[in-house]
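Have a look at the structure below, then the notes.
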Amino acid sequence: MLGKLLKYEIKSTARIFLPLYVSLVLLAVISNIFFKINNNELFMNIISVISTSAYVFIIIAIFVLTLLVMIQRFYKNLLGDEGYLMFTLPVKTGEHIVSKLLTSMMWVITSTIVTIVSVLIISYNENTFASLQNAISQVFSEISRVFGINGYAYLIEFFIFLLMVLATNILMIYASIAVGQLVSKHKVLGAFGAYLGFYILSQIIISIIFVSYYSISSGNMNSFETIINNVAQSNTIPHFVFVGIMLLNLFFAGAYYIITNLILSKQLNLE
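Under this note's numbering, the first residue of the sequence shown is numbered 21, with each subsequent residue one higher.
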């Protein structure tokens, strides 16, 4: 059933994003052509400015819409009028949450990839890929030198980290919306307040764990500034911190999922 929910979600949202992606790539191609012409004619310069401005506008629109659609689909589909229908389906509440999460992650990732591709198109010349390959090689070499680990392994780890951070932030939004709907009036304000509360609490927990670990491991209660300096000067600690943050994100993601699932399962209020 999860597969059917995902298919429904993707179909419902694709009609919003696909035209924007096509427009972005086309504008990138057009802008690249005008940049290559590079003459001083007023008309061509005006067209170039217009196409570039439209390109930037569409990039902004894509990421703003990604956030708005993420919120709108969760709220309207599960907590709005459509919620009466959705919760009559033979589907577990957790499957509804996961389908929304995976679809939102997919569009965020796709939007990012399309934007990167469009930037490569707009800046393309005969040396683009050679320069990009050289830059990537230098980054991997620097990672291996500084952290003492394989650059490609670190890249894979970094992508996993980004996925976890993305999932955690989306689930925090869902949990905030779910908490907000418990408020009889001013649900939007309640959701916004819940989001701020979750964010502040997570930062406090991370700071306490971070400072406590380095204070204990160093054998004395150093100042926070000293701890930060020790981390910055170490080759091995940053990677350990990186893994620790991944585990913390996993913890927070689980907590937000449980909160959302419990509220939608036990305290659902569609009025």
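Glycine residues also receive a C-beta, built at the ideal position from the N, C-alpha and C atoms. Only a predicted model underlies this, so the values are computations on that prediction, with no experimental measurement involved.
DSSP places residue 108 in the coil class of the three-state scheme, outside both helix and strand. Around the beta carbon of residue 161, fewer than 16 other beta carbons lie within 10 angstroms, which makes this residue exposed. Residue 135 is positioned such that its CB atom lies closer than 7 Å to that of residue 79.
Taking the CA atoms as reference points, residue 32 sits about 29 Å from residue 269. Within its own chain, the residues whose Cβ lies closer than 7 Å to the Cβ of residue 98, once the five positions on either side in sequence are excluded, are 106, 116 and 284, listed in chain order. Boundaries of the alpha helix (DSSP H) around residue 29: 22 to 57. Per DSSP, residue 143 lies in no alpha helix (DSSP H) and is assigned neither H nor E. If you compare the alpha carbons of 275, 138, 25 and 209 with that of residue 112, the shortest gap goes to 25. Between the stretch 141 to 154 and the stretch 42 to 50 there are three or more C-beta pairs closer than 8 Å, enough to call the two in contact.
The beta carbon of residue 75 sits closer than 8 Å to the beta carbons of 44, 47, 48, 51, 138 and 142 from its chain, once the five residues preceding and following it are set aside; these are given in chain order. Short of 7 Å from the beta carbon of residue 186, and not among the five residues preceding or following it, lie these beta carbons of its own chain, in chain order: 125 and 128. With contacts defined as CB atoms closer than 7 Å, residue 194 and residue 280 qualify as a contacting pair.
Straight across, the Cα-Cα distance linking residue 267 with residue 197 is about 24 Å. Closest in C-alpha terms to residue 85, from the list 73, 36 and 120, comes 36. Here DSSP, grouped into helix, strand and coil, assigns residue 118 to helix. It is roughly 15 Å from the alpha-carbon of residue 173 to the alpha-carbon of residue 158.
Taking the Cα positions, residue 102 is about 47 Å away from residue 152. In the three-state reduction of the DSSP assignment, residue 159 falls in the helix class.
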